[in-house]
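Colleague: Here it is, the structure in full.
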Amino acid sequence: MVAQNIFFAIFAVIMVVGALRVVTSNNVVHAALWLVTVLAGAAGQYILLSAEFVAVTQVLVYIGAVMVLFLFGTMLTRARLGEETDLNNKTWILGIPVALLLFGTMSYALIDSFGDEKLPEDATVVSTQVISDQIFGPYLIPFWALSFVLLAATIGAIVLARKD
Amino acid sequence: MIISLDPLLTEDFTATVIAIVLLKVLVIFVVGLVATMLMVWFERKTIAGMQNRVGPNKAGPFGLLQTLADGIKLFFKEDLLPVKADKFVFRFAPYLSFVPAFLAFAVIPVGGDFRGDTGGIVTWFGHATRVQLADPPVGFLFALAISSIAVYGIMLAGWSSGSKYPLLGSVRASAQMISYEAALALSFGAVVLVAGTMSTSGIVNVQETLGDWHVVATGFVPFVIFLMAATAELNRPPFDLVEAEQELVGGFNTEYSSIRFALFFLAEFMNTITMSAVIVTLFFGGPQPIRIGDTALDIPLIPNDLEGTVWLLGKVLVFLYVYVWLRGTLPRLRYDQLMNLGWKLLIPTSLGWFMLLAAQNVGQDRGWNTGVVTAVSIAVILICVMIVQAALKVSAANREREGSVF
């Protein structure tokens, strides 16, 4: 458990520094790369929690697909080399209360539902089978609902790309 | 505790256990480097044979040391840094390309005796272990994740060079790799469906006889799709639009020189070897011997623990030859052909085949009539094919009206 705590601290520090650099960096691609660091840190945390499948999926989906598409898009359009001065607009100050609100809500939700509960000492790896049984069993309806989000995104992309 | 179900790591960590793991890491790294060196030689020599040339023949016997000489030469070349380059990312990109090439090998079973009930477990220095670095339950998903990270190296190399051709090359590369990853993952899904496990050693373990090899058990189509998608993922000919010399000078690595260029070069060849090993593991039984019914081919004079490695090596060599062969014989695809092949043929076919296999699986579980299930699946697939064809026709007509070339 000691080793896990030490690594949790290391990952946490990396993630916090990365997250701060995402918003302070003056270059779009650098910001995206810092975001990759944060997402990779999250994958590391999942591994510490013995959630291998979630960790690998995090890498596969967020680092391997979402961020690649993000970088691809910015490279095609506006990823200049060097510093850019016009990345911040005037409404950035509005972000602070929103972030605080989000932090408060999430902290409340976490403390409310878990409280003083402790993780079991000898955490075993949750097999992929158990996860899929859960997703396609009790959580089938939310899973379907989520897939409609993807459908909406696909239709949106087609509508945007069509010229007529 | 976590990370791996390797029997080696379920007990207490002792000095021997750590030594075995370190030994495995070292062997994979060194063998990987040497294999890459030999692969470059093999490719040059074979291509030369196909083109009626001699190929490298001066350095060492049969020119075997030519790659080593080239490598040493590259070490001493000047390391150029373009004025406009993004310095940190430019220096960092080659490693992003080089490291994943080796990482994927960590989950591939490179040997072991899979006959009988041992399931590939061998005993080294009094410890039961597998002849692979790690055997996580998510196995091949890890390999897929690593291959999706590999695109970063190419993409960032092109962008950070601060020059047009590399940027074009890297944009092409990322588009190509994203497009073909879907087909790759779907045909991999077919294998997982038939094998019933994602762990690499588990997938090898179920491919006992020739009929169990997934190339047969999944019905050949996923294998063909996987081979094509893997070639595209590797950016090898006929899908090498990433570096298309006639159009882009050298693609994403145009501005690179010296050791950084060598790293990209190494990564490319190492990836070819890794991908061949992945194909062999997924579809051709990995370290399993060729076995029909109860009679297995046995290589004489080699101890059983080593025989798996010999089989794997032989099978991987076949695929390495196939890759060189493809390069020697096929012309490069045009960009629109590449995208058409990926999106309109490979992804729908692999998805349809996956559904077909899933229907068969469910049918067997529920005891439905196999003939009826097959007939219904084929009818559904035919309808889907017709819908896709109709959609393609409409979009082609639309584009023609707009006056597009393709």
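If you read the protein sequences in the order shown, they are chains Y and B. In terms of the numbering used here, the first sequence opens at residue 1 and continues consecutively. In terms of the numbering used here, the second sequence opens at residue 1 and continues consecutively. In this text, a Cβ means the ideal position worked out from N, Cα and C, and glycines have one as well.
Check whether the Cβ of G64/Y lies closer than 8 Å to any Cβ atom in chain B.
Modeller: With 8 Å as the cut-off, G64/Y counts as an interface residue toward chain B.
Colleague: With distances taken Cα to Cα, identify the nearest neighbour of F283/B among L301/B, T309/B, W213/B and L341/B.
Modeller: It is W213/B whose Cα lies nearest to the Cα of F283/B.
Colleague: Run through DSSP, which three-state label would W124/B get?
Modeller: In this structure, W124/B counts as strand in the three-state DSSP scheme.
Colleague: Tell me the DSSP secondary structure of R236/B in three-state form.
Modeller: Coil, per DSSP.
Colleague: Shortest alpha-carbon distance to F98/B belongs to which of S377/B, A277/B and I259/B?
Modeller: Cα-wise, what sits closest to F98/B is I259/B.
Colleague: Report the residue from T16/B, G32/B, Y180/B and D294/B whose alpha carbon sits nearest the alpha carbon of T129/B.
Modeller: Looking at the Cα atoms, T16/B is the closest of the given residues.
Colleague: Any beta carbon from chain Y within less than 8 Å of M198/B's own beta carbon?
Modeller: Taking Cβ atoms only, chain Y reaches closer than 8 Å to M198/B, which makes this a yes.
Colleague: I'd like to know whether the C-beta atoms of T36/B and L186/B end up nearer to each other than 8 Å.
Modeller: It is not a contact, given that the beta carbons lie outside the stated cut-off.
Colleague: Taking only the alpha-carbon atoms, compute the straight-line gap between V21/Y and F11/Y and give it to the nearest angstrom.
Modeller: This sequence places Arg at residue 21/Y; Val is not what is there. Taking the straight line from one Cα to the other gives about 15 Å.
Colleague: Excluding the five sequence neighbours on either side, which residues of its own chain have a C-beta within less than 8 Å of the C-beta of G71/B, listed in chain order?
Modeller: Closer than 8 Å at the Cβ level, and outside the excluded window around G71/B, lie M37 and A262.
Colleague: When you compare only the Cα positions, how much space is there between V27/B and V216/B?
Modeller: Rounded to the nearest angstrom, the two C-alpha atoms are 32 Å apart.
Colleague: Taking the beta carbon of D86/B as the centre, do at least 16 other beta carbons fall within 10 Å, making it buried, or is it exposed?
Modeller: Classification for D86/B: buried.
Colleague: Can the beta-carbon of L320/B be found less than 8 Å from the beta-carbon of F105/B?
Modeller: Cβ atoms of L320/B and F105/B: not closer than 8 Å.
Colleague: Which chain B residues sit within Cβ distance under 7 Å of F53/Y?
Modeller: What F53/Y touches in chain B: V138.
Colleague: Could you tell me which chain B residues have their CB closer than 7 Å to the CB of T128/Y, listed as they occur along the chain?
Modeller: Result: P137, V138 and M198.
Colleague: Can you confirm whether I2/B, when its beta carbon is compared against all beta carbons of chain Y, has any partner nearer than 8 Å?
Modeller: Because the pLDDT at I2/B is just 44, under 50, the model does not fix this residue reliably, and the point stays unresolved.
Colleague: Determine the direct distance from the alpha carbon of V316/B to that of I273/B, and round the result to whole angstroms.
Modeller: Cα-Cα distance, rounded: 8 Å.
Colleague: Grab the span of the alpha helix (DSSP H) containing T91/Y for me, first residue to last.
Modeller: Element bounds for T91/Y: n/a, residue is neither H nor E.
Colleague: Just to confirm my understanding: we take A93/B, look at its own chain, exclude 5 residues before and 5 after, and list those with CB closer than 7 Å. What are they?
Modeller: These residues qualify, in order along the chain: G153, L156, A157 and S160.
Colleague: Shorter than 8 Å from the beta carbon of M355/B to some beta carbon of chain Y?
Modeller: No, its Cβ sits nowhere closer than 8 Å to a Cβ of chain Y.
Colleague: Starting from M67/Y, trace the alpha helix (DSSP H) both ways and give me its first and last residue.
Modeller: From DSSP, the alpha helix (DSSP H) with M67/Y extends over M67 to T77.
Colleague: DSSP on A296/B, reduced to helix/strand/coil?
Modeller: Here A296/B sits in strand by DSSP.
Colleague: For R236/B, which option in N205/B, M270/B and G219/B has the closest C-alpha, if you only look at C-alpha atoms?
Modeller: Among N205/B, M270/B and G219/B, the Cα nearest to that of R236/B belongs to M270/B.
Colleague: When you compare each of K344/B, I383/B and F252/B to A396/B by their alpha carbons, which one comes out closest?
Modeller: The shortest C-alpha separation from A396/B is found at K344/B.
Colleague: At least one CB of chain Y closer than 8 Å to the CB of A183/B: is that the case?
Modeller: Not closer than 8 Å to any Cβ of chain Y, the Cβ of A183/B fails to qualify, so no.
Colleague: Return no unless some Cβ of chain Y is closer than 8 Å to the Cβ of F62/B.
Modeller: Answer no: the Cβ-Cβ gap between F62/B and chain Y never drops below 8 Å.
Colleague: Of all the options V280/B, S179/B and E307/B, which has the alpha carbon lying nearest to the alpha carbon of L227/B?
Modeller: For L227/B, the nearest C-alpha among the options comes from V280/B.
Colleague: Could you tell me the distance, in whole angstroms, from the CA atom of Y165/B to the CA atom of S257/B?
Modeller: The straight-line gap from Cα to Cα measures roughly 15 Å.
Colleague: Does any heavy atom of the ligand HEM sit closer than 7 Å to the C-beta of S179/B?
Modeller: Here there are no bound small molecules, and the ligand HEM is not part of this structure.
Colleague: I need the straight-line Cα distance from M1/B to R327/B, nearest angstrom please.
Modeller: At M1/B the pLDDT is 39, less than 50, meaning the model places this residue with poor confidence and gives no usable figure here.
Colleague: With a threshold of 16 other CB atoms inside 10 Å of the CB of I96/B, please say whether the residue is buried or exposed.
Modeller: Rather than Ile, the amino acid found at residue 96/B in this sequence is Leu. That one is buried.
Colleague: Is the stretch 293-303 of chain B touching the stretch 173-181 of chain B, taking contact as three or more C-beta pairs under 8 Å?
Modeller: In short, these stretches do not touch, since the Cβ pair count stays below three.
Colleague: Across which residues does DSSP place R130/B in a beta bridge pair?
Modeller: Note: R130/B sits in a beta bridge opposite I121/B.
Colleague: Reducing DSSP to helix, strand and coil, say where T272/B ends up.
Modeller: Three-state DSSP puts T272/B in a helix.
Colleague: When DSSP builds the beta bridges, which residues end up paired with R327/B?
Modeller: Per DSSP, none; premise fails for R327/B.
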